[in-house]
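Asker: Structure provided below as structure tokens; questions to follow.
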Amino acid sequence: MAKAPPPLTIEELAAILPPVGGLIGLDLGTKTIGLATSDPGRRIATPLIVIKRKKFTADAAELMKQVAAYQPVALVLGMPINMDGSEGPRAQATRAFVRSLAPITDLPVALWDERLSTAAVTRTLLEADASRKRRGEVVDKMAAAYILQGALDRLAGMRLA
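In terms of this note's numbering, the sequence shown opens at residue 5 and continues consecutively.
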């Protein structure tokens with residue numbers, strides 16, 4: 005069995021992306037996976053859905069259903085790096101998820117620092133006076149959009165440089 009390719013940095017992803025094509029962003033949690041998608045010009049991230057996690061095969065099947073529907077050219081996963089820059093158990097779980105994805109998709113996968121993404125989204129929802137129930141329903145897919153938008157902004161900055 006071939007070894008899974010390592011996940012890419014955003015800079016490595018930029019070097020291989022076609023000029024046009026959307027991305028799907030993922031916010032991996034222990035209970036849910038938030039998904040977001042971008043427009044083909046890669047300017048705006050939009051929250052998509054939340055997958056309730058079961059086991060990897062079921063999670064991956066739902067993800068691949070979204071991939072088939074939206075036809076992205078790459079995936080961007082939020083990487084839960086600790087505030088001190090180290091990688092803890094959640095980061096290792098993210099890397100394991102990427103390794104498990106390799107046999108079922110040829111799409112390139114990049115990691116993007118997701119520090120404070122859920123906190124930022126939760127703060128925004130609180131400021132918008134969203135109820136606790138509503139926050140619980142949307143925070144994961146909005147966090148995925150926040151992560152993806154950060155990556156899109158970085159890619160746009162690299163195009164301008």
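Beta carbons are placed, not taken as given, at the ideal position from N, Cα and C, and that holds for glycine. Treat the numbers as computed from the prediction; the structure is a model and nothing was measured.
Could you please give the first and the last residue of the uninterrupted alpha helix (DSSP H) stretch that includes I4?
Answerer: Absent from the model: residue 4. The displayed extent of the chain is 5 to 165, so no value can be given.
Asker: On the three-state DSSP scale, how would you describe S104?
Answerer: helix
Asker: So the beta strand (DSSP E) D117 belongs to, where does it begin and stop?
Answerer: V113 to D117
Asker: So, for I108: in the same chain, excluding its five sequence neighbours on each side, which residues have a beta-carbon less than 7 angstroms away from its beta-carbon?
Answerer: So the list reads A64 and M68, once near-sequence residues are dropped.
Asker: Once DSSP output is grouped into helix, strand and coil, what is the label at I28?
Answerer: strand
Asker: Identify every residue that forms a DSSP beta bridge with M83.
Answerer: D117
Asker: With DSSP as the reference, label T36 as helix, strand or coil.
Answerer: In this structure, T36 counts as strand in the three-state DSSP scheme.
Asker: Using the DSSP secondary-structure output, state which residues sit across from T50 in a beta bridge.
Answerer: T41
Asker: Shortest alpha-carbon distance to P44 belongs to which of P112, A149, V77 and L111?
Answerer: V77
Asker: Is the separation between the beta-carbon of P84 and that of R94 shorter than 8 angstroms?
Answerer: yes
Asker: Distance check for D110 and I48, CA to CA, integer angstroms please.
Answerer: 24 angstroms
Asker: Please report the straight-line C-alpha distance between A62 and L12, rounded to a whole angstrom.
Answerer: The C-alpha of A62 lies about 25 angstroms from the C-alpha of L12.
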